[in-house]
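Residue 0 is where the sequence shown starts when you use numbering that gives the first Met the number 0, and the numbers rise one by one after that.
What follows is a single structure, written as structure tokens, with notes after it.
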Amino acid sequence: MRGGAATQRDRQAAAVQGSSTLGRDALTGVVIERVVDWQDTDAAGHYHHSTIIRWVEAAEAALLERYGLRWLFGTIPRVHYEVDYLERLWFGDRAAIELSIAELGRTSVRYEFVVTRISAPQQHSTDQPAVAARGALIAVHAGAGAEPWPAEVTAALAGAKARDAPAAPAH
0 MRGGAATQRD RQAAAVQGSS TLGRDALTGV VIERVVDWQD TDAAGHYHHS TIIRWVEAAE
60 AALLERYGLR WLFGTIPRVH YEVDYLERLW FGDRAAIELS IAELGRTSVR YEFVVTRISA
120 PQQHSTDQPA VAARGALIAV HAGAGAEPWP AEVTAALAGA KARDAPAAPA H
């Protein structure tokens with residue numbers, strides 16, 4: 000069993016090292032850092048599952064602020080949320096939360112996120128950087144019903160996606 004856990008951690012560490020956006024702004028997104036606080040943990044001593052959505056929403060607020068869309072915060076309800084919990088985070092761990100725009104639809108936005116341990120406290124100093132969670136969140140622009148995005152939102156987010164997209168390889 001220990002060998003299986005080590006193999007999984009090796010794969011996760013490789014995924015972290017191979018990430019092209021870890022430690023810098025994601026394409027059409029943001030990276031924020033958080034420390035696992037006491038209130039983020041459960042009786043087992045590691046982070047509680049609800050911590051992830053709070054961190055993702057904090058990253059979303061930073062993203063909306065980055066593109067001058069702070070006024071949208073709190074007005075775009077979530078209609079879907081999924082997360083895969085891959086590694087434990089402990090009290091005092093530092094984590095990077097990377098949130099990017101995966102898809103911008105007529106009335107919805109799909110965010111994808113990755114939460115990565117970037118450092119561990121003394122009591123867990125053998126824990127290496129690892130992807131702790133990844134998932135997606137879908138929010139919709141809604142008034143009385145689903146409504147298309149206002150032009151300035153589409154321009155800001157679509158323009159950001161085009162501007163931040165990686166250049167095509169030269170042939």
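Ideal Cβ placement from N, Cα and C applies to all residues, glycine included.
Predicted, not measured: the structure shown is a model, and the values here were computed from it.
(Q) I'd like to know if the segment 131–141 and the segment 95–107 are in contact, where contact means that at least 3 CB-CB pairs between them fall below 8 Å. (A) Yes, since at least three Cβ pairs between the segment 131–141 and the segment 95–107 fall closer than 8 Å, the two stretches touch.
(Q) Taking the straight line between their C-alpha atoms, what separation do you get for ARG133 and GLU32? (A) Rounded to the nearest whole angstrom, the C-alpha separation of ARG133 and GLU32 is 15 Å.
Q.
Please state whether the Cβ-Cβ distance between GLY28 and ALA155 is less than 8 Å.
A. Going by C-beta atoms, GLY28 is not nearer than 8 Å to ALA155.
Q. Which term fits ALA42, buried or exposed, when burial requires 16 or more other beta carbons within 10 angstroms of its beta carbon?
A. Only exposed fits ALA42, as fewer than 16 other CB atoms lie within 10 angstroms of its CB.
Q.
Can you give me the C-alpha to C-alpha distance between HIS79 and GLN127, rounded to a whole angstrom?
A. In a straight line, the C-alpha of HIS79 is about 31 Å away from that of GLN127.
**Q.** Selection from THR115, VAL30, HIS48 that minimises the alpha carbon distance to GLU81
**A.** When each option's Cα is compared against that of GLU81, the closest is HIS48.
**Q.** Straight-line Cα distance separating PRO149 from ARG8
**A.** Low confidence applies here, because ARG8 scores a pLDDT of 38, under 50, leaving its location unreliable; read the following figure in that light. Distance between the alpha carbons of ARG8 and PRO149: 44 Å.
Q: Note down, in chain order, each residue of its chain lying with its Cβ closer than 8 Å to the Cβ of ALA60, except the 5 sequence neighbours on either side.
A: Hits under 8 Å: ARG69, PHE72.
Q) Rounded to a whole number of angstroms, what is the C-alpha to C-alpha distance between VAL55 and VAL30? A) Rounded to the nearest whole angstrom, the C-alpha separation of VAL55 and VAL30 is 10 Å.
Q) Should ASP92 go down as buried or exposed, given a rule of 16 or more other Cβ atoms within 10 Å for buried? A) Label assigned to ASP92: buried.
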